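These notes concern the structure reproduced below.
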Amino acid sequence: HQETDNFTAQFFVSMGPFFANTLLCVLFCSAAFLPVWELKVYDPLAYFFYWLGLSIGMHAFPSTTDLSHLWAQAPGLAKKGNPLAILSLPPP
């Protein structure tokens, strides 16, 4: 991705796929949970939704390059009180 000085834009470029893929993972896995585990309906389509949800979830993590660019700017902006920078700081 093209680098930008706007931290908000960089945050959403880096973390946007994480949020979207996590939402899709929860959506597909929850659609499969009720028929398989609660209703005991062993439909191949439900297992397909499980596979699809877990596959999407496994690809939800941001790339190391995106995170390294994000983490390079985050400490300085976190000291200035930027809430997205504080949220995106890596654990100590």
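Per the working numbering, the very first residue in the sequence shown carries number 362; after that it's consecutive. Where a beta carbon is used, it is the ideal one built from N, C-alpha and C, also for glycine. Only a predicted model underlies this, so the values are computations on that prediction, with no experimental measurement involved.
1) Can you have a look at Gly442 and say buried or exposed, based on whether 16 or more other CB atoms are within 10 angstroms of its CB?
2) Check for me: the alpha helix (DSSP H) holding Val374 runs from which residue to which?
3) Measuring CB to CB, does Thr383 end up less than 8 Å from Gly414?
4) For the alpha helix (DSSP H) containing Ala433, name the first residue and the last one.
5) Report the three-state DSSP secondary structure of Leu415 (helix, strand or coil).
6) May I ask which residues mark the beginning and end of the alpha helix (DSSP H) holding Ala446?
The structure says:
1) To locate residue 442, count along the sequence shown from 1; it is residue 81. By the 10 Å Cβ count, Gly442 comes out exposed.
2) What you label residue 374 is simply residue 13 of the sequence shown in a count that begins at 1. First-last of the alpha helix (DSSP H) with Val374: 368 to 394.
3) Numbered from its first residue, the sequence shown carries residue 383 at position 22. Numbered from its first residue, the sequence shown carries residue 414 at position 53. The answer is no: Cβ separation not under 8 Å.
4) Within the sequence shown, numbered from 1, the residue matching residue 433 stands at position 72. Segment 425 to 440, the alpha helix (DSSP H) holding Ala433.
5) Taking the first residue of the sequence shown as 1, we reach residue 415 at position 54. Collapsing the DSSP output to three states places Leu415 in a helix.
6) Position 85 of the sequence shown, counting from 1, holds the residue named residue 446. The continuous alpha helix (DSSP H) containing Ala446 extends over residues 444 to 449.
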